[in-house]
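So for the sequence shown, this note's numbering puts the first residue at 18; every next one is plus one.
Positions of the beta carbon are idealized from the N, C-alpha and C atoms, including for glycine.
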Amino acid sequence: MQRNESLGDREYFTTEENEENRELSVSTFEARAESHFDGVGGYNSFWYERAAIGYDLRTSLITYPENGRIPPAVEGAFMQRGGVSEDFPSERPVRFVVGE
18 MQRNESLGDR
28 EYFTTEENEE
38 NRELSVSTFE
48 ARAESHFDGV
58 GGYNSFWYER
68 AAIGYDLRTS
78 LITYPENGRI
88 PPAVEGAFMQ
98 RGGVSEDFPS
108 ERPVRFVVGE
């Protein structure tokens with residue numbers, strides 16, 4: 018999602034770089050598929066995204082800031098933490114009746 022630091026401020030890959038990345042991705046996927054379970058593959062191979070996404074050669078999905086990277090959080094900024102709260106039995110929902 019964010020641009021690799023080694024790419025600097027480059028916004029797009031060249032066509033040649035994109036083809037090299039695609040070939041590397043395909044060969045890596047094929048090597049993993051063949052190495053597991055005698056070529057049968059695994060459950061997780063279903064989740065690999067192998068579809069092309071048009072002709073967008075962006076180096077990052079983030080367009081602002083221009084460096085294509087998520088900016089660091091600043092001190093004092095509100096940070097939302099889903100599911101990270103104190104856990105008390107009295108705060109949990111009742112799922113069944115006990116002791117009747």
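DSSP, read as helix, strand or coil, puts Arg-49 in helix. Around the beta carbon of Arg-20, a 10 Å sphere encloses 16 or more other beta carbons of the protein chains shown; the residue is thus reported as buried.
Counting every other CB atom within 10 Å of its CB across the protein chains shown gives Gly-25 a total below 16, marking it as exposed. Contact annotation: Glu-33 and Thr-76 have beta-carbon atoms that are not nearer than 9 Å. Spanning the alpha carbons of Asn-35 and Leu-78 requires a straight line of approximately 15 Å. Nearest neighbour of Asn-38 by Cα position, chosen from Ala-48, Leu-74, Arg-49, turns out to be Leu-74. The beta carbon of Thr-31 sits closer than 8 Å to the beta carbons of Leu-74 from its chain, once the five residues preceding and following it are set aside; these are given in chain order.
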